[in-house]
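Enquirer: Could you have a look at this structure, given as structure tokens, before my questions?
Residue numbers (the working numbering): 6 to 135.
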């Protein structure tokens with residue numbers, strides 16, 4: 006029976022451990038898919054106060070998810086930017102900007118729904134609203 010040299014076994018063990026560690030490190034910095042789909046925005050003209058509050062809370066949760074995603078991507082950039090081309094960096098930043106701009110749009114829509122809600126409540130109360 007032929008025996009392998011001890012050094013070969015140690016090398017294979019070391020190499021397998023290195024591959025597992027690299028895979029674990031890569032998985033640890035996986036930020037997942039960007040949170041592009043925002044929550045449903047209630048119709049301010051017809052929504053109840055509870056529906057509006059639920060909408061505000063959903064937008065806050067969405068904004069928190071965007072913050073967490075962007076923070077994760079910032080941490081990931083510290084590792085991968087050194088290996089990226091200028092074009093890849095530009096596309097990376099464009100993708101992150103799109104996530105941020107989507108959040109701004111969702112917040113703007115919620116603010117508009119709140120304005121409409123307040124105006125419709127003021128009109129129905131007879132206070133006039135502005």
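Just so you know, even glycine gets a beta-carbon here, dropped at the ideal spot from N, CA and C. Note that the structure is predicted; figures quoted are calculated from it, not measured.
#1: Is DSSP giving residue 90 helix, strand or coil here?
#2: Please classify residue 60: does DSSP put it in a helix, a strand, or coil?
#3: Applying the criterion that 16 or more other CB atoms from any shown protein chain within 10 Å of the CB defines a buried residue, is residue 43 buried or exposed?
#4: Going straight from the alpha carbon of residue 70 to that of residue 40, what length do you get?
#5: Among 101, 131 and 68, which residue has its Cα nearest to the Cα of residue 81?
#6: Considering only residues of the same chain and omitting the five flanking positions on each side of residue 49, which have a CB-CB separation below 6 Å?
#7: Identify whether residue 26 lies in helix, strand or coil by the three-state DSSP scheme.
#8: Using a Cβ-Cβ cut-off of 8 Å (strictly less than) and excluding sequence neighbours within five positions of residue 75, which residues of its own chain qualify?
Expert: In brief:
#1: Start at 1 with the first residue of the chain shown, and residue 90 comes out as number 85. In the three-state scheme derived from DSSP, where H, G and I count as helix and E and B as strand, residue 90 is classed as coil.
#2: Indexing the chain shown from 1 puts residue 60 at position 55. Under the three-state reduction of DSSP output, residue 60 falls in the helix class.
#3: Residue numbering aside, residue 43 sits at position 38 when the chain shown is read from its first letter. Result: buried.
#4: In the chain shown, residue 70 corresponds to position 65, counting from 1. In the chain shown, residue 40 corresponds to position 35, counting from 1. Looking at the two C-alpha atoms, the distance is approximately 7 Å.
#5: Numbered from 1 along the chain shown, position 76 holds the residue referred to as residue 81. In terms of Cα proximity to residue 81, the closest of 101, 131 and 68 is 101.
#6: Position 44 of the chain shown, counted from the first residue, corresponds to residue 49. The residues are 118, 121 and 122.
#7: Counting from 1 along the chain shown, the entry for residue 26 is found at position 21. The predicted model places residue 26 with a pLDDT of 45, which falls under 50 and marks its position as unreliable; any figure quoted below should be read in that light. In the three-state reduction of the DSSP assignment, residue 26 falls in the helix class, which pools H, G and I.
#8: As a first step, residue 75 is located in the chain shown; it is residue number 70 there, counting from the start. Same-chain partners within the cutoff: 101, 104 and 105.
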